[in-house]
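Undergrad: Residue numbers (this note's numbering): 38 to 96.
We put the CB at the ideal spot given by N, CA and C, even for glycine.
Okay, here's the structure, questions in a sec.
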């Protein structure tokens with residue numbers, strides 16, 4: 038038997054990710070950017086000025 042609550046949670050998580058990617062793309066279009074890497078977070082929490090977070094030293 039299929040556990041529909043687990044399937045529903047998985048589908049909802051995927052829809053949230055899709056909507057976040059669409060939001061980043063639309064924001065980039067408003068800012069006049071052409072190519073957008075949707076795999077990077079919209080606002081990095083660490084890393085200072087490196088795009089997508091991280092330390093900037095290749096690690």
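1. Just verifying my parser: in three-state terms, what is the DSSP assignment at residue 51?
2. For residue 45, name the three-state secondary structure that DSSP assigns.
3. Would you tell me roughly how many angstroms separate the C-alpha atoms of residue 50 and residue 44, rounded to the nearest one?
4. Where residue 65 and residue 48 are concerned, what is the direct C-alpha to C-alpha distance, given to the nearest angstrom?
TA: Put simply:
1. The count along the chain shown starts at 1 and reaches residue 51 at position 14. Residue 51: helix per DSSP, three-state reduction.
2. Your numbering for residue 45 matches position 8 in the chain shown. In the structure shown, residue 45 sits in a helix (DSSP, three-state: H, G or I).
3. As a working mapping, residue 50 is identified with position 13 in the chain shown. As a working mapping, residue 44 is identified with position 7 in the chain shown. Their backbone Cα atoms lie some 10 Å apart in a straight line.
4. Indexing the chain shown from 1 puts residue 65 at position 28. Indexing the chain shown from 1 puts residue 48 at position 11. Roughly 26 Å between the two C-alpha positions.
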